[in-house]
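Q:
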Amino acid sequence: MNKKTKVIAAASSSALVIILLSIMFEVRRSSILNPEIKSLTEKETSALEETLDGLYPERQKRLHRLPYKTGYNFEINSASAVVVDAATGNIIYEKNPDEVIPPASMTKLVEMAVVFEEIKNKNISMNDTVPLPPESWSKNLPYDASRMGLNEGDRVNLKTLLSGLAVASGNDASIAVANYVSGSMENFVKRMNELIQSLNLKTTYFVESSGYSAENLTTPYEFTDFALWYIKSFPFSLKEFHSQKQLVYNGYTISNTNKLLDELEGCDGLKTGYIDESGYNLSLTAERNGQRFLAVIMRGPGHSTLEGNYYRSIDGTKLINYGFDNFETYTPEQDFIYTISNPCCREEAFNLIPAENLSFTVPKNTGKKMQYKIIKPDFVSEEVTAGQSLGKIIFYADGTALRTVDLVCDRTTTKKSGPSLLADKIVVWSLRRAR
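For the sequence shown, the positions run 6 to 440 when the working numbering is used.
1) For Asn95, report the span of its beta strand (DSSP E) as first-last.
2) Using the C-alpha atoms, what's the distance from Lys420 back to Glu352?
3) Any chance you could list the beta strand (DSSP E) runs of at least 3 consecutive residues sitting entirely within the segment 296-360, in chain order?
4) Mind checking whether Arg304 and Ser85 have CB atoms under 7 Å apart?
5) Whose C-beta lies closer than 6 Å to the C-beta of Tyr316 among residues of the same chain, with five residues either side of it excluded?
6) Are there three or more Cβ pairs, one per stretch, closer than 8 Å when the segment 129-143 is compared with the segment 171-191?
7) So is Asp281 buried or exposed if we call it buried at 16+ other beta carbons inside 10 Å?
8) If you reduce the DSSP assignment to three classes, tell me which class Ile124 lands in.
9) Measuring alpha carbon to alpha carbon, tell me which residue in Glu333, Tyr285, Ser318, Ile358 is nearest Pro368.
10) Can you give the beta carbon distance from Ala91 to Phe298, rounded, assuming they're within the 8 Å contact cut?
11) Distance, Cα to Cα, Leu71 vs Phe365?
12) Which same chain residues end up closer than 7 Å to Glu227 when comparing Cβ atoms and leaving out the 5 residues on each side of it in sequence?
13) For Leu68, report the span of its beta strand (DSSP E) as first-last.
14) Can you list, in chain order, the residues of its chain whose CB lies under 7 Å from that of Cys414, leaving out five sequence neighbours each side?
15) Just to confirm before moving on: does the CB-CB distance between Ser214 and Glu116 stay below 7 Å?
16) Would you please verify whether the beta carbon of Pro368 is less than 7 Å from any beta carbon of chain B?
17) Taking the alpha carbon of Gln65 as the reference point, which residue from Asn101, Asp230, Glu99 has its own alpha carbon closest?
18) To the nearest angstrom, how far is it from the Cα of Asn331 to the Cα of Met190?
19) Have a look at the DSSP bridge pairing and note the partners of Val135.
20) Indicate the three-state DSSP secondary structure (helix, strand or coil) for Arg152 in the structure shown.
21) Which of helix, strand or coil does DSSP assign to Asn286?
22) Determine, using beta-carbon pairs with one atom in the segment 216-225 and one in the segment 98-111, whether at least three such pairs fall under 8 Å.
23) Would Tyr335 pass as a contact of Gly295 if the rule is Cβ separation under 7 Å?
24) Quick check on DSSP: helix, strand or coil for Lys420?
25) Between the Cα of Met197 and the Cα atoms of Gly188, Gly278, Phe211, Arg293, which residue gives the shortest distance?
26) On the DSSP letters alone, give me the boundaries of the beta strand (DSSP E) that Tyr279 sits inside.
27) Under the three-state reduction of DSSP, which class applies to Lys195: helix, strand or coil?
28) By Cβ distance, which residues of its chain are closer than 8 Å to Glu63, with the 5 residues on each side in sequence left out?
29) Determine the contact status of Ile302 and Gly321, defining contact as a CB-CB distance below 7 Å.
30) Spatial neighbours of Gly313 within its chain, please: CB distance less than 8 Å, with the 5 preceding and 5 following residues excluded, ordered by chain position.
31) Tell me which residue opens and which closes the beta strand (DSSP E) that Tyr77 is part of.
32) So, are the CB atoms of Val172 and Leu252 less than 7 Å apart?
33) Output the distance between the C-alpha atoms of Cys350 and Ile379, rounded to the nearest integer angstrom.
34) Can you give me the C-alpha to C-alpha distance between Glu80 and Ser248, rounded to a whole angstrom?
35) Roughly how many angstroms lie between the CA atoms of Asn132 and Ser174, to the nearest whole one?
36) How many angstroms separate the CA atom of Val385 from the CA atom of Ile342?
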């Protein structure tokens, strides 16, 4: 082979190598720009959820303050109140939310929750006939205690007693139920407090199940938290018990103590309460066109039952209508999950996912105008850690930012080593130069 031929052969070989390297470069470049990713295992998903719960405590809360400022130009008569969008837990109104107040007969909602848990666990049944201990007989109650009218010798099932709690606010029914479920009031109250502790409510505490004692304590914020959990855990209770306007027992017709069932559109619960130390309390909920608001109103004024009912009805109507008139729930149509190339790491890619639930409460008629801005990298060359924030979603309408949600890594990645790392660094360098 002469010199010229050798030169041509060498040039051809070099050209071929360059072409092959170029092809390999483009293939790798394409794989970096269009990464494939494996789904997380069930164990990995569970670990990620636990990590995010630690990094973003709001994820585990049922109530959330709005991520934007709002205002209301009205007053209510009651000393304290909280109103939330039931779909999101966003608080749209609050007045003295942390004031410690006896819940009075709203306590019976916690009693009903314990009973529903027992029924769910198949320890008892709605159709069970409940023995009536003497302390539950109507004639043995304090003169000012509310009652459904239980008498010695009555045969009554658990479902009827639950209606007595929900409709008549019967302290007699409360005593009978507590003794039947747990054998004694002391044991039943222990169950109530265990439930409250499991919901991470720090101030709420009970000494008996009916709400008659001023030593039962809660706050509007915490009772709203409980009530939201209650209607989501036992949605059937609204139709079967709390929306019932009357209870007929032993030939007597007893009207529901919640007068707004007749007066407020969509109202289907929940529970009134009154003792001298609490004033007039009301946990209230209504649903219209698939949207639900929940209010807890406490320490309402009134020198008589008639006056107290009037003021808490005025406040309840004003607060629930404020919710429906001014707010709506916004849920994005897309999931905002982005696959990000991580070429210098063994895993090759990771997903950026929203750190929190994306649904939130927005001003009325804002949802259809909602826009968003995504801030995220196209690729990352360094190691990442599960839960690490590397981006943001900014939701805004009419030029005003309403909420920012972090985009976080769904897995931890580890650096490559050796020649492949060097090659990928060259590709990444070229991509950055081209941007």
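We put the beta carbon where it would ideally sit given N, CA and C, even for glycine.
Only a predicted model underlies this, so the values are computations on that prediction, with no experimental measurement involved.
A: In short:
1) 95-100
2) 9 Å
3) 296-305, 332-335, 343-347, 353-359
4) yes
5) Asn82, Gly305, Pro306, Gly307
6) yes
7) exposed
8) helix
9) Glu333
10) 6 Å
11) 8 Å
12) Leu206, Thr208, Thr209
13) Careful: Leu68 lies outside any beta strand (DSSP E) and carries neither H nor E.
14) Phe355, Leu357, Val389, Thr390, Ala391, Gly392, Gln393, Leu395
15) yes
16) Note that chain B does not occur in the displayed structure, where there is just one protein chain.
17) Asp230
18) 44 Å
19) Val161
20) coil
21) strand
22) yes
23) no
24) strand
25) Phe211
26) 272-280
27) helix
28) His69, Glu361
29) yes
30) Tyr279, Gly284, Tyr285, Gly305, Pro306, Gly307
31) Neither: Tyr77 is in no beta strand (DSSP E) and is coded neither H nor E.
32) yes
33) 24 Å
34) 27 Å
35) 20 Å
36) 16 Å
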